[in-house]
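Sequence positions in the sequence shown follow my numbering and run 574 to 728.
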Amino acid sequence: MIVVRRLREGIVAHFPIRFSEWLMLFPAVAMGIALRFQQDMFSVTPSFAAVARWGDETFWAVLLLGCGAMRLLALVVNGTFAGFRWSPHLRALASVAGALTWAQFAVGILSAAVFEGGTWSGVVMYSTMLLAEIVNLARASGDIQAGRGVDREHR
574 MIVVRRLREG IVAHFPIRFS EWLMLFPAVA MGIALRFQQD MFSVTPSFAA VARWGDETFW
634 AVLLLGCGAM RLLALVVNGT FAGFRWSPHL RALASVAGAL TWAQFAVGIL SAAVFEGGTW
694 SGVVMYSTML LAEIVNLARA SGDIQAGRGV DREHR
């Protein structure tokens, strides 16, 4: 019970400042689940034509769920063990993984919009998620530079 309380208190205390990171957990997990259960998603619209050439729905589902798990771990560690030296590094790593993944979707859907009759709405949405991850990476990098997350005995 003490562990659960510590987890809850740490997450609640850090939630406002880490809101955009928690927010980006949703599309990674939700899209991963959607791709896992709609195995024909890429064939329904030409917007996913390029993304489908790079990997099938299962590949992208595993990648996105992995990004979501990495982000969740980083945020739980950050909230619960605020003095953990590598906490901002974990958050930065999760943001890099998210940014690279959303960049692939944004570029693939842009390519499909330009060359294969795909829609532009996906370009807007996936590039917005990419930009959010870049902001999250900048914040985590700022925390690394400021020495936040450094073990107390190393201060």
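Don't be surprised by glycine CBs; every beta carbon is placed ideally from N, CA and C.
Residues near residue i by beta carbon distance below 7 Å, same chain, minus five either side
i	result
Glu-706	Met-597, Ser-668, Gly-671, Ala-672, Trp-675
Trp-780	Because the chain in this structure spans residues 574 to 728, residue 780 falls outside the shown range and cannot be described.
Gln-612	Glu-630
Residues near residue i in its chain [Cβ-Cβ closer than 8 Å; skip 5 each side]
i	result
Val-696	Ala-679, Ile-682, Leu-683, Ala-686
Thr-618	Gly-691, Thr-692
Residue burial classification, residue i (beta-carbon count within 10 angstroms, cutoff 16)
i	result
Val-585	exposed
Glu-582	exposed
Val-624	buried
Gly-715	exposed
Leu-663	buried
Phe-615	buried
Leu-710	buried
Arg-591	buried
Leu-704	exposed
Arg-626	exposed
Local conformation of residue i per DSSP, three classes
i	result
Met-545	As displayed, the chain neither begins before 574 nor continues past 728, which places residue 545 out of reach and without an answer.
Ile-682	helix
Asp-629	coil
Arg-730	A question about residue 730 goes unanswered here, because the residues of the chain that appear run from 574 up to 728.
Arg-721	coil
Presumed contact (8 Å Cβ cut-off) between residue i and residue j, rounded CB distance
i	j	result
Ile-717	Ala-665	7 Å
Leu-608	Ala-634	4 Å
Arg-579	Thr-653	6 Å
Sequence-distant residues of the same chain with beta carbon closer than 6 Å to residue i, five excluded per side
i	result
Leu-637	Ala-601, Met-604, Gly-605
Thr-692	Ser-620
Cβ-heavy atom distance, residue i to the ligand SAH, below 7 Å
i	result
Phe-654	Annotation note on the ligand SAH: not contained in the displayed structure, which lists no ligands.
Within the stretch 596 to 621, ranges of the alpha helix (DSSP H) (whole runs, at least 4 residues) | Complete alpha helix (DSSP H) runs here, min 4: 614 to 617.
Going along the chain, which unbroken runs of the alpha helix (DSSP H) with 4 or more residues stay wholly within the stretch 637 to 697?
-> The stretch 637 to 697 is shown to contain whole alpha helix (DSSP H) runs of 4 or more residues at 660 to 688, in chain order.
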